Amino acid sequence: MKSSIAATIFASCLFVGLPTTTVAGSEDVVVENAWSRASIGINRPGAAYMTLRNTGTDPVTLVGLETPLAMMPDIHETKTDANGVSSMAPAGEIMIPPGESVSLEPGGLHAMLMRLQTKMVEGETFPLTLNFADGGTRTVDVPILGIAARGPEG
Amino acid sequence: MNRRTLLTYGAAIAGVAALTLFIGWWRVDGPGAPEPVAQRPLPLTQMEFQMTDQDGATVGPETLLGNPSMAFFGFTYCPDVCPTTLSDISGWLDDLGDDVADMNVVFITVDPERDTEAAMAEYVSYFHPAIQGWSGTLSETARAAAGFRASYEKVVTEGDDYTMNHTASVFLFDVEGQFAGTVDYHESREFAVPKIRRILTRAEEDTS
Ligand SMILES: [Cu+2]
């Protein structure tokens with residue numbers, strides 16, 4: 004389904020002779036309430052949270068992350084099964100339908116920051132770049148809150 | 007209807023009834039029963055394990071008797087679930103205020119290879135002061151988890167690293183060490199706080 008839409012778009016772009024990058028939608032993504040927790044040293048992975056709102060009319064797909072803070076940032080998802088056992092795994096690509104939001108929040112999706120290069124210090128911020136399927140990128144400054152923070156307000 | 011027909015009907019009805027009972031048994035208790043949902047933890051008095059707390063003291067299930075307790079498993083290299091649980095609990099404890107003065111609140115690591123006594127001490131220091139951090143050897147950790155009917159598993163991740171899957175529920179025990187319920191992972195404060203208050207008020211009734 005997705006690939007057939009892509010193929011159609013690609014074909015119509017070829018037809019009118021436009022570069023495929025004009026089918027972008029990622030410029031319509033609004034990033035809100037980004038936050039993360041301070042780290043103890045650099046050995047433990049960090050996590051960052053935020054809400055991604057797609058204000059456009061096309062679906063937008065988040066495909067990856069980049070940050071000077073961590074060598075291996077990735078989008079992860081925590082799941083808790085019927086027995087109360089929690090596990091965490093790479094979430095793959097995240098599609099945000101037009102007019103909708105996707106929340107990265109504790110116990111669900113998170114930006115997993117593996118191989119920290121520097122300690123995450125409370126009160127500082129770090130840049131996190133979101134890469135989208137249309138080639139667009141968005142860099143957000145993520146505030147670092149205390150280790151015991153529960154949400155964007157602390 | 008002659009007597010023989012009646013007998014045949016009777017046998018048929020009895021047969022149907024027996025079959026119904028059998029199907030019921032099969033689905034509820036028999037081989038067709040759904041996978042058992044997490045079992046109840048043992049009473050603390052029936053658990054056996056030995057660990058070290060954040061101050062270096064030797065502790066075990068018997069340490070918790072005499073006061074209501076809250077215990078949960080996790081590891082300090084956990085970026086999402088564990089800090090969330092610890093900060094949730096810190097919030098519940100703040101809400102309960104002085105009422106929790108005598109309550110035991112114990113965070114038990116499922117990753118003692120990385121979570122040394124010093125690591126646990128530093129980690130818990132960032133949360134509510136009532137929260138203790140216990141670590142033990144691999145075999146004592148297994149014995150503790152078995153008593154709580156909790157499970158955990160080491161999972162290798164990219165780049166030669168590993169993470170731990172683990173039971174994220176918070177277990178509640180009364181002053182006598184009887185299991186008194188669980189607070190599920192990330193359960194909202196409006197449900198969690200009354201559950202904790204219940205074991206606290208029961209403790210008061212027992213002592214007065
Ligand atoms: Cu993760």
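These protein sequences, in sequence, are chains U and V.
Numbering-wise (my numbering), the first sequence opens with residue 4 and increments by one.
Numbering-wise (my numbering), the second sequence opens with residue 7 and increments by one.
The C-beta atom is built at its ideal place from N, Cα and C for all residues, glycine as well.
Bear in mind that the values here come from a model prediction, so they are computed numbers and not experimental data.
Residue i burial status per 10 Å Cβ neighbour count (16 or more: buried)
i, result
"U:Thr24", "With a pLDDT of only 44 at U:Thr24, under 50, the local geometry of the prediction cannot be trusted, and the value read off the model is given with reservation. It counts as exposed."
"U:Arg40", "buried"
"U:Met74", "exposed"
"V:Val176", "buried"
"U:Thr70", "buried"
"U:Val33", "exposed"
"U:Gly157", "exposed"
"V:Phe139", "Just to set this straight, residue 139 of chain V is Gly in the shown sequence, not Phe. The residue is buried, with at least 16 neighbouring Cβ atoms inside 10 Å."
"V:Asp61", "exposed"
"V:Ser131", "exposed"
"V:Phe78", "buried"
"V:Val181", "buried"
"V:Val87", "buried"
"V:Pro2", "With chain V running from 7 to 214 in the structure shown, residue 2 of chain V is simply not present."
Length of the line joining the Cα atoms of residue i and residue j
i, j, result
"U:Val66", "V:Ala151", "38 angstroms"
"V:Glu128", "V:Gln45", "32 angstroms"
"U:Asp77", "U:Met53", "14 angstroms"
"V:Leu144", "V:Arg195", "33 angstroms"
"U:Pro22", "U:Ala94", "Residue placement at U:Pro22 is flagged as unreliable, the pLDDT there being 40, under the threshold of 50; a coordinate-derived value is accordingly withheld."
"V:Phe113", "V:Met126", "9 angstroms"
"U:Gly139", "U:Ala37", "19 angstroms"
"V:His172", "U:Val63", "33 angstroms"
"U:Thr121", "U:Thr60", "39 angstroms"
"U:Asn46", "U:Leu119", "7 angstroms"
"V:Asp121", "V:Cys84", "11 angstroms"
"V:Phe67", "V:Thr115", "The sequence given here places Pro at residue 67 of chain V; Phe does not occur at that position. So the two alpha carbons sit approximately 15 angstroms from each other."
"V:Thr82", "U:Ser90", "15 angstroms"
"U:Ala136", "U:Thr142", "15 angstroms"
"U:Leu133", "U:Leu68", "5 angstroms"
"U:Gly154", "V:Leu99", "17 angstroms"
"V:Gly183", "V:Ala136", "18 angstroms"
"U:Gly110", "U:Asp144", "22 angstroms"
"V:Val111", "V:Lys201", "14 angstroms"
"U:Gly162", "V:Leu178", "The first residue shown for chain U is 4 and the last is 157, placing residue 162 of chain U beyond what the model contains."
"U:Gly49", "V:Ala63", "30 angstroms"
"V:Ser96", "U:Ser29", "38 angstroms"
Residue i: CB within 7 angstroms of a non-hydrogen atom of ligand 1
i, result
"V:Asp86", "yes"
"U:Met53", "no"
"U:Ala73", "no"
"U:Ala50", "yes"
"U:Met115", "yes"
"U:Met123", "no"
"U:Met91", "yes"
"U:His79", "yes"
Coil, strand or helix - residue i by DSSP
i, result
"V:Gln52", "helix"
"U:Thr70", "coil"
"U:Gly59", "coil"
"U:Thr83", "strand"
"V:Leu144", "helix"
"V:Ala127", "helix"
"U:Glu127", "coil"
"V:Arg46", "coil"
"U:Thr25", "In this prediction, U:Thr25 scores a pLDDT of 43, lower than 50, which makes its location untrustworthy; no coordinate-derived value is stated."
"V:Ala152", "helix"
"V:Leu71", "coil"
"V:Phe197", "helix"
"V:Val181", "coil"
"V:Thr122", "coil"
"V:Thr82", "coil"
"V:Asp166", "coil"
"U:Gly111", "coil"
"U:Gly102", "coil"
"V:Arg207", "Note that residue 207 of chain V is Thr in the sequence shown here, rather than Arg. Three-state result, V:Thr207: helix."
"U:Glu1", "The requested residue 1 of chain U is not part of the displayed model; chain U covers only 4 to 157."
"V:Pro89", "helix"
Contact list for residue i against chain V, beta-carbon separation under 8 angstroms
i, result
"U:Gly110", "Asp86, Val87, Thr90, Tyr191 and His192"
"U:Arg118", "Gly165"
"U:Met75", "Glu164 and Gly165"
Under 7 angstroms from the C-beta of residue i: neighbouring residues of chain U
i, result
"V:Thr82", "Arg47"
"V:Glu196", "Ordered by position in chain U, no residue passes the 7 angstroms Cβ test against V:Glu196, which lies about 15 angstroms from the chain."
"V:Thr3", "Here chain V covers residues 7 to 214 and nothing more, so residue 3 of chain V does not appear."
Interface residues of chain U facing residue i [CB-CB closer than 8 angstroms]
i, result
"V:Ala174", "Thr83, Gly87, Val88 and Ser89"
"V:Gly97", "Arg153"
"V:Asp157", "The sequence given here has Ser at residue 157 of chain V, not Asp. Ordered by position in chain U, the residues that pass the 8 angstroms Cβ test against V:Ser157 are Asn86 and Val88."
"V:Glu128", "Ile43"
Per-residue contacts from residue i into chain V (C-beta, under 7 angstroms)
i, result
"U:Ala50", "Pro85 and Asp86"
"U:Ala115", "Checking the sequence, you will find Met at residue 115 of chain U rather than Ala. By Cβ distance, chain V contributes Pro85."
Contacts of residue i in chain U (Cβ-Cβ under 9 angstroms)
i, result
"V:Tyr132", "Ala41, Ile43, Gly149, Ile150 and Ala151"
"V:Ser141", "Near V:Ser141 there are no residues of chain U at all, since even the closest Cβ is about 15 angstroms away, more than 9 angstroms."
"V:Ser75", "Simply none; closest approach about 18 angstroms."
heavy atom of ligand 2 below 7 angstroms from residue i C-beta
i, result
"V:Ala174", "This structure does not include ligand 2; its bound ligands are ligand 1."
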